[in-house]
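Asker: The structure that follows is given in the form of structure tokens.
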Amino acid sequence: TDEEYQRPHLYRLWRSLPPKGRAAFFVGGLMRAAIQRANDEIDEPQFSIWLRHIAKMQEELVADGSLVLKFFLHTPAKAQKKKLKKAKKDPHAGWQVDKRDWAALDSMGPVLPIAERMLRETSGIGAPWTIVESTDSRYRDLTVARTILAALTARLNEQTAHTARPLAESVFGDFDAEANVLSGIDLSQSLTRGEYRAQLAKEQAKLKELSLEARQRGVTTVLAFEGWDAAGKGGVIRRITGAMEAGDYRVIPVAAPTEEERRYHYMWRFWRDLPLAGKVVIFDRTWYGRVLVERLEGFATPAEWQRAFDEINDFEAQMVEQGYYVAKFWLHISPDEQLARFKAREETPYKSHKITEEDYRNRERWDDYVKAVDQMVLRTTSDRARWNVIPANDKHFARVAALRQINEGLARTLGKS
40 TDEEYQRPHL YRLWRSLPPK GRAAFFVGGL MRAAIQRAND EIDEPQFSIW LRHIAKMQEE
100 LVADGSLVLK FFLHTPAKAQ KKKLKKAKKD PHAGWQVDKR DWAALDSMGP VLPIAERMLR
160 ETSGIGAPWT IVESTDSRYR DLTVARTILA ALTARLNEQT AHTARPLAES VFGDFDAEAN
220 VLSGIDLSQS LTRGEYRAQL AKEQAKLKEL SLEARQRGVT TVLAFEGWDA AGKGGVIRRI
280 TGAMEAGDYR VIPVAAPTEE ERRYHYMWRF WRDLPLAGKV VIFDRTWYGR VLVERLEGFA
340 TPAEWQRAFD EINDFEAQMV EQGYYVAKFW LHISPDEQLA RFKAREETPY KSHKITEEDY
400 RNRERWDDYV KAVDQMVLRT TSDRARWNVI PANDKHFARV AALRQINEGL ARTLGKS
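What follows is the structure, encoded as structure tokens:
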């Protein structure tokens with residue numbers, strides 16, 4: 040559909056995934072891509088990237104415990120032609136045959152080598168293709184049914200659900216010893232009130248102009264915000280949205296997954312929130328929770344959070360390949376500044392609800408979070424999905440710095456710098 044066309048190619052597959060314990064059937068999408076490649080409707084680099092993302096998605100689903108069964112129903116050209124002629128003469132089935140079926144038959148020769156490549160490159164561990172000779176419909180149906188039954192029976196008879204290959208049990212067993220991203224940030228940077236007002240107005244005016252052009256040209260923007268508790272994410276986000284038309288953006292606050300969301304793959308809830316072309320989505324907390332709080336608090340297993348780095352990189356790569364502007368921000372403050380802000384919140388009636396015992400408990404693991412953030416930034420930074428670590432001890436400086444980074448990145452995406 041037009042709505043699906045405006046998002047990454049795998050958006051409609053992710054959106055249609057069934058919850059745990061349920062089943063879904065997907066028909067025909069992969070073969071359509073092979074036909075498009077044979078007709079030069081998509082080029083070789085696009086097709087290769089698409090195959091890689093399909094294989095990666097299957098790998099992620101299998102690692103998460105899904106049973107993925109794939110069937111390629113093959114009918115030789117001669118038998119296919121006979122079937123089409125017979126169906127065309129059938130008064131009850133003739134309406135199902137149209138010129139597209141005959142065109143597909145005519146293109147079978149050049150399509151088959153591409154289809155064979157597709158089968159090879161998407162037959163990953165745990166999700167192989169079953170090729171079924173389909174000239175005889177009764178044999179075809181029985182073979183598919185028996186294969187499904189055998190796979191379901193085998194899975195139900197397993198003593199434990201499928202798990203990924205064993206990984207290190209220690210939260211920091213494979214930590215990059217030289218990772219020191221946060222320690223190099225100068226937190227003394229600040230602006231006077233006069234500097235802040237002047238620079239804020241300048242950057243907001245620039246963002247208003249760039250976001251309008253992005254909307255007109257169909258360039259989608261995804262902004263992801265992470266940071267310490269009380270680092271000022273909300274204040275930064277309000278200065279961003281203050282420069283945009285209300286209908287052009289959506290802010291998504293991310294909390295712990297709901298009961299419904301836990302029934303799906305971890306990334307499912309983020310895929311479904313990707314915006315239409317030209318729109319802006321701002322995530323207040325993000326998919327990085329898996330490699331931060333879920334990792335450190337034990338809500339994710341070592342296997343889950345360790346494979347999340349690759350899953351996240353693949354997710355962001357698909358957005359970038361679709362033409363999205365993707366920017367990620369970590370708002371960094373010192374422990375002393377955080378404590379001062381906690382105390383100020385407790386003393387401010389309309390802010391006191393923001394402080395809980397958990398906030399203070401998290402401070403006890405500050406050093407662990409520093410290590411996790413350092414590793415996160417190193418493992419998930421790319422040229423077109425960059426991490427921007429913003430010094431945020433001074434809220435005014437942080438707001439202007441974030442706006443400036445967004446403007447520079449959006450201008451690059453629009454080809455203006």
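Numbered according to my numbering, the sequence shown spans residues 40 to 456.
Heads up, the beta-carbon is just placed ideally off N, CA and C, and yes, glycines get one too.
Being a predicted model, the structure only gives us computed values, none of them experimental.
State the Cα-Cα distance for the pair Gly257 and Ser250, rounded to the nearest angstrom.
Answerer: Taking the straight line from one Cα to the other gives about 10 Å.
Asker: From which residue to which residue does the alpha helix (DSSP H) around Tyr268 run?
Answerer: A quick correction: the sequence has Asp, not Tyr, at residue 268. Asp268 -> no alpha helix (DSSP H), and no H or E assigned at all.
Asker: Please return the same chain residues whose Cβ sits closer than 7 Å to the Cβ of Gly274, not counting the five positions on each side in sequence.
Answerer: Excluding residues within five positions, the ones whose Cβ falls inside 7 Å are Lys434, Arg438.
Asker: If you run the structure through DSSP and keep just helix, strand and coil, what is Ala166?
Answerer: Strand, per DSSP.
Asker: Span of the beta strand (DSSP E) holding Ile153?
Answerer: Segment 147 to 160 is the alpha helix (DSSP H) holding Ile153; no beta strand (DSSP E) there.
Asker: Nearest CA to the CA of Lys318: which residue from Ala450, Ala339, Tyr288, Thr419?
Answerer: Selected option, being the one with the closest Cα: Tyr288.
Asker: Where do the N-terminal and C-terminal ends of the beta strand (DSSP E) with Asp323 fall, by residue?
Answerer: Asp323 -> beta strand (DSSP E) spans 319 to 323.
Asker: Would you say the beta carbon of Glu355 comes nearer than 8 Å to a heavy atom of the ligand COA?
Answerer: In terms of ligand content, the structure shown is empty, and the ligand COA therefore cannot be addressed.
Asker: Which whole runs of the alpha helix (DSSP H) in the region 82 to 142 are 4 residues long or more, in chain order?
Answerer: With a minimum length of 4 residues, the continuous alpha helix (DSSP H) runs that stay inside the region 82 to 142 are 83 to 102, 116 to 128.
Asker: Where does Arg346 sit, in a helix, a strand or coil, going by DSSP?
Answerer: Arg346 falls in the helix class under three-state DSSP.
Asker: Would Thr259 and Met358 qualify as a contact pair, given that the criterion is a beta-carbon distance under 9 Å?
Answerer: Contact: yes.
Asker: Grab me the residues of Arg384's own chain with a C-beta within less than 8 Å of its C-beta, minus the 5 sequence neighbours each way, in chain order.
Answerer: If we look at Arg384 and ignore the five residues flanking it on each side, its Cβ neighbours are Ala269, Lys390, Ser391, Lys393, Ile394.
Asker: With DSSP as the reference, identify every bridge partner of Phe368, one or two as the case may be.
Answerer: According to DSSP, which records beta bridges pairwise, Phe368 is partnered with Phe264, Asn427.
Asker: Taking one C-beta from the region 295 to 310 and one from the region 48 to 60 each time, how about it: are there three or more such pairs within less than 8 Å?
Answerer: Judged by Cβ distances under 8 Å, the region 295 to 310 makes contact with the region 48 to 60, as three or more pairs qualify.
Asker: Since Ile429 contacts Trp344 with CB under 8 Å, what's their CB separation in whole angstroms?
Answerer: With a Cβ gap of about 24 Å, Ile429 and Trp344 do not count as contacting.
Asker: Could you compute how far the alpha carbon of Gln243 sits from the alpha carbon of Asn352?
Answerer: Between Gln243 and Asn352, the C-alpha separation is close to 30 Å.
Asker: Could you spell out where the alpha helix (DSSP H) holding Arg61 opens and where it closes?
Answerer: Note, Arg61: premise wrong, no alpha helix (DSSP H); not H, not E.
Asker: Would you kindly work out how many angstroms separate the C-alpha atoms of His48 and Gln75, rounded to a whole number?
Answerer: Spanning the two alpha carbons is a distance of roughly 14 Å.
Asker: With distances taken Cα to Cα, identify the nearest neighbour of Arg423 among Ile93, Leu449, Lys245, Gly271.
Answerer: Nearest option by C-alpha distance: Leu449.
Asker: Counting C-beta neighbours from all protein chains within 10 Å, is the total for Arg329 16 or more, i.e. buried, or is it exposed?
Answerer: Buried is the call here.
Asker: Any idea if Asp135 is buried or exposed, counting beta-carbon neighbours within 10 angstroms, 16 or more meaning buried?
Answerer: The sequence shown places Gln at residue 135, not Asp. With fewer than 16 other Cβ atoms within 10 Å, it is exposed.
Asker: So what does Arg438 bridge to, in DSSP terms?
Answerer: According to DSSP, which records beta bridges pairwise, Arg438 is partnered with nothing at all.
Asker: Just to confirm before moving on: does the CB-CB distance between Glu99 and Glu350 stay below 9 Å?
Answerer: It is a contact, given that the beta carbons lie within the stated cut-off.
Asker: Given this structure, state the Cα-to-Cα distance separating Leu246 from Leu442, to the nearest angstrom.
Answerer: If you take the alpha carbons of Leu246 and Leu442, they lie about 8 Å apart.
Asker: Nearest by alpha-carbon distance to Lys367: which of Trp426, Glu355, Leu417 is it?
Answerer: Of the listed residues, the one whose Cα sits closest to Lys367 is Trp426.
Asker: Here's a check: name, in chain order, each residue in its chain whose Cβ is nearer than 7 Å to the Cβ of Gln45, leaving out the five neighbours to either side.
Answerer: Answer for Gln45: Leu315, Ala316, listed in chain order.
Asker: Going by C-alpha distance, which of Leu112, Val107, Ala116 is nearest Trp141?
Answerer: Answer by Cα proximity: Ala116.
Asker: Where does Glu252 fall in DSSP's three states?
Answerer: Note: Glu252 maps to helix in three-state DSSP.
Asker: Of all the options Gln228, Trp310, Ile279, Lys120, which has the alpha carbon lying nearest to the alpha carbon of Ile372?
Answerer: The option with the nearest alpha carbon to Ile372 is Gln228.
Asker: Within a Cβ cutoff of 7 Å, which residues of the same chain sit near Lys272, ignoring the five residues on either side of it in sequence?
Answerer: Once the five neighbours on either side are set aside, the close Cβ partners of Lys272 are Phe264, Gly266, Asp323, Leu370.
Asker: By Cβ distance below 8 Å, which residues in the same chain neighbour Leu123 in space, the five residues on each side in sequence not counted?
Answerer: Cβ neighbours of Leu123 beyond the five flanking positions: Val136, Asp140, Trp141, Leu144.
Asker: Tell me whether Ile291 sits in a helix, a strand or coil according to DSSP, three-state version.
Answerer: Looking at Ile291 - three-state DSSP - the assignment turns out to be strand.
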